[in-house]
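In the UniProt record's numbering, the protein residues as written are 1 to 818.
Encoded structure:
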């Protein structure tokens, strides 16, 4: 393929620019081979997607809907956020790290789906650029198969789009893709036949052309089976009927082969039937490429000569040797980011094992797309989709290999006028080598301007300053005032200085590295890089590391943490990029390093931010050692449950516990805002921390607590325990005490966790036997998850009682409640 100038130009655009590309061309022009080359030779992190499961398996990719978690049906503009599922951390990282997205069979992708991809990418990659700044390579032929759109969907889509084809996408119009049209055809070599196909493709039909096509019409054509003709039909039921009828006429024994499926491999993605029925003498077609010995390819026709012990012997026309075919395996992959290499990897999540054959007296035109045959019988009188006649005709290597079962009339050759207009306009804008050089230079300049530019730094620093200023009254410490000073310095020493570099960067030219003007420019760029690197490394990064805060307001804590982390990520990424700044400037390497740095920040600094919070001690703490132990326990508990620390206990509660140093449940319950629920969840852990601290540090002098409310909580727990031990049930205790049964259930669960009440006094043995193993396997699962898992077989009281019993078992000791 390297000798094809169009494919070479497309390869340069993919590898050395960030331009979006629509690679199109007639059938047999090498689009699939080009994809293999891109996957093999370009180091960009890429994912390959396709609109259908079978197309995804054939392209060794995944479906569009699975990667981007899109809903099915029409997706109105800006309609993804409300209808899509939340992305997990692994997929979020994957999507944020991608450099290239390949969409195969783009002709079958609707405009709304492409806009939905754009919306997801912009949101997850936090970029306002089309498709989140990710480069798109779209491969397909609009004159082949269109997107499948139901009538009711057409009416809905017409509200938003001028056409349902992918090029109607609003995001794509903003992205201005480069259109590269391949013209050299590899499948056919006869110039007259190629010209005929081109005219059918473009619907340049006239009477002589139709007469020429219909020369291949043969009424009641019934060739001997050994000639190897395959019928291409516009309808699936026709193909099935022909195959079943032909198979039924064979007198040989019927053999049935069942597929073996492992892991995740949905039925919609099966590359052939899970049950295959063959007889000796059947005409079959291979539906997979032999990647080991290259003995067969997808679309190769043959005839079964023997079937023995699961091995099918196939003889192909013009070949002396039999092909002995056993079951082979197709793989369903999942893209994952390798944390060690930072590369996107194709990990196998499911397999489908079956013989790579199917009955092939007939197949549908739809399923013939991408295949090549020597002899075909075309039944396209009822062709219902644009491009079907062209697809069918272009499957054959020669005009003489075609037989028409029905005549082709003008109305059978359907070509969408919108498609023709778009294709014609695209062909007029075919890029040249000079265009590529200009785009490559623009890519390099854009990267340098992004590096020296201060807009991202201005945005993230300004956001943190606003959050601190707006919430200054709820933040403990001097963080708001400290950052105000640092913010002024960032604007003066980084943002404004970077802005002064912008005009000079427009003169960079990667094609003239030895030009004296370029040498002088690069020296200035290098000096500027040294300045920023020194400022970030020696001043700004340490200043941000020292910035710390405490607040018990959940919303404020989240807002400040997010803003601080965004700013630190921006600074860290720029610092890493300035460290790697070298001549000649390589924008592709810059892009890869930028993604690596963002990923490294998440791993290296998120834990460091958490650690600094653990040792931050407020000025009013009277027992710093105990407070530190309690704060570290709170952080660990929050991380284990994946919640924010102050949703475990507020900081004011920890300060009060450290001041009072309670050593009994009653004393702990006397702490303000530490109620029965907190006691049931955390009481045992906190008392153990206090006991351990007291043993290691001695019993500190405990100031007398200030007057507080009566210790109602401590007595109410004991009263419930006493009445329960007297044999009264919850309804009786509730009537005596005037409390809700749910409150009393919480009391009893507390005593189960303390070991004062056997759990079997609250739940039946069958309940304990079912719930305990599940809770031990899912120690962090909330009660609602367990209730859902068991389909509401157990109520919340039973689940929480067994949870308390599990915690008691984990503690390894009995607590004396009396």
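Even for Gly, the Cβ is constructed at its ideal location relative to N, Cα and C.
Alpha helix (DSSP H) containing residue i: first to last residue?
{"i": "residue 522", "result": "516 to 535"}
{"i": "residue 652", "result": "651 to 660"}
{"i": "residue 690", "result": "676 to 697"}
{"i": "residue 742", "result": "741 to 754"}
{"i": "residue 138", "result": "Run containing residue 138: none in the alpha helix (DSSP H); it sits in the beta strand (DSSP E), 135 to 139."}
{"i": "residue 628", "result": "624 to 641"}
{"i": "residue 9", "result": "5 to 16"}
{"i": "residue 57", "result": "53 to 58"}
{"i": "residue 249", "result": "Run containing residue 249: none; DSSP gives neither H nor E here."}
{"i": "residue 32", "result": "31 to 41"}
{"i": "residue 668", "result": "665 to 669"}
{"i": "residue 445", "result": "433 to 452"}
{"i": "residue 65", "result": "64 to 68"}
{"i": "residue 480", "result": "479 to 490"}
{"i": "residue 465", "result": "455 to 470"}
Can you name, in chain order, every residue of its own chain whose Cβ lies under 7 angstroms from the Cβ of residue i, other than the five neighbours on each side?
{"i": "residue 78", "result": "119"}
{"i": "residue 599", "result": "93, 97, 342"}
{"i": "residue 653", "result": "671, 673, 674"}
{"i": "residue 625", "result": "693, 697"}
{"i": "residue 493", "result": "535"}
{"i": "residue 227", "result": "375"}
{"i": "residue 200", "result": "389, 390, 393, 413"}
{"i": "residue 623", "result": "658, 659, 661, 700"}
{"i": "residue 420", "result": "202, 203"}
{"i": "residue 130", "result": "118, 171, 174, 175"}
{"i": "residue 533", "result": "575, 578, 579"}
{"i": "residue 467", "result": "559, 560, 563"}
Over what stretch of residues does the beta strand (DSSP E) that includes residue i continue unbroken?
{"i": "residue 359", "result": "357 to 359"}
{"i": "residue 25", "result": "21 to 25"}
{"i": "residue 404", "result": "402 to 404"}
Check the DSSP bridge columns for residue i and list the partner residues they point to.
{"i": "residue 334", "result": "347"}
{"i": "residue 396", "result": "373"}
{"i": "residue 169", "result": "Answer is none; residue 169 lacks a bridge partner."}
{"i": "residue 46", "result": "100"}
{"i": "residue 826", "result": "Residue coverage of the chain in this structure runs from 1 to 818, which leaves residue 826 outside it and unanswerable."}
{"i": "residue 577", "result": "Residue 577 is not bridged to any residue."}
{"i": "residue 362", "result": "231"}
{"i": "residue 110", "result": "165"}
{"i": "residue 378", "result": "232, 404"}
Return the residue from the list the options that minimises the CA-CA distance to residue i.
{"i": "residue 773", "options": "790, 757, 484, 758", "result": "790"}
{"i": "residue 547", "options": "535, 226, 475, 459", "result": "475"}
{"i": "residue 379", "options": "218, 735, 177", "result": "218"}
{"i": "residue 519", "options": "504, 338, 313", "result": "504"}
{"i": "residue 796", "options": "767, 777, 809, 776", "result": "767"}
{"i": "residue 535", "options": "509, 497, 525", "result": "497"}
{"i": "residue 319", "options": "221, 401, 544, 303", "result": "303"}
{"i": "residue 365", "options": "355, 566, 87, 376", "result": "376"}
{"i": "residue 551", "options": "140, 561, 176, 433", "result": "561"}
{"i": "residue 769", "options": "641, 802, 276", "result": "802"}
{"i": "residue 372", "options": "722, 287, 754, 661", "result": "287"}
{"i": "residue 749", "options": "677, 689, 735, 723", "result": "677"}
{"i": "residue 163", "options": "109, 247, 203, 197", "result": "109"}
{"i": "residue 841", "options": "529, 446, 191", "result": "Coverage of the chain is limited to positions 1 through 818, which leaves residue 841 absent and any answer about it impossible."}
{"i": "residue 487", "options": "724, 457, 281", "result": "457"}
{"i": "residue 80", "options": "102, 123, 46, 91", "result": "123"}
{"i": "residue 19", "options": "596, 635, 760, 588", "result": "588"}
{"i": "residue 757", "options": "436, 160, 570, 806", "result": "806"}
{"i": "residue 717", "options": "731, 423, 679", "result": "679"}
Does the beta carbon of residue i come closer than 8 angstroms to any beta carbon on chain B?
{"i": "residue 629", "result": "This model lacks chain B altogether, as it is built from one protein chain only."}
Tell me which same chain residues have a C-beta within less than 6 angstroms of the C-beta of residue i, skipping the five on either side of it?
{"i": "residue 265", "result": "332, 350, 352"}
{"i": "residue 170", "result": "115"}
{"i": "residue 17", "result": "439, 440, 443"}
{"i": "residue 290", "result": "296"}
{"i": "residue 809", "result": "none"}
Grab me the residues of residue i's own chain with a C-beta within less than 8 angstroms of its C-beta, minus the 5 sequence neighbours each way, in chain order.
{"i": "residue 72", "result": "65"}
{"i": "residue 830", "result": "No answer is possible for residue 830: it lies beyond the span of the chain, which begins at 1 and ends at 818."}
{"i": "residue 472", "result": "480"}
Runs of beta strand (DSSP E) wholly within the segment 251 to 326 (minimum 3 residues, chain order): Taken in chain order, the complete beta strand (DSSP E) segments of 3 residues or longer contained in the segment 251 to 326 are 255 to 258, 260 to 263, 275 to 278, 283 to 286, 301 to 308, 311 to 315, 323 to 325.
In chain order, each beta strand (DSSP E) run of at least 3 residues that lies wholly inside the segment 179 to 227: Complete beta strand (DSSP E) runs here, min 3: none at all.
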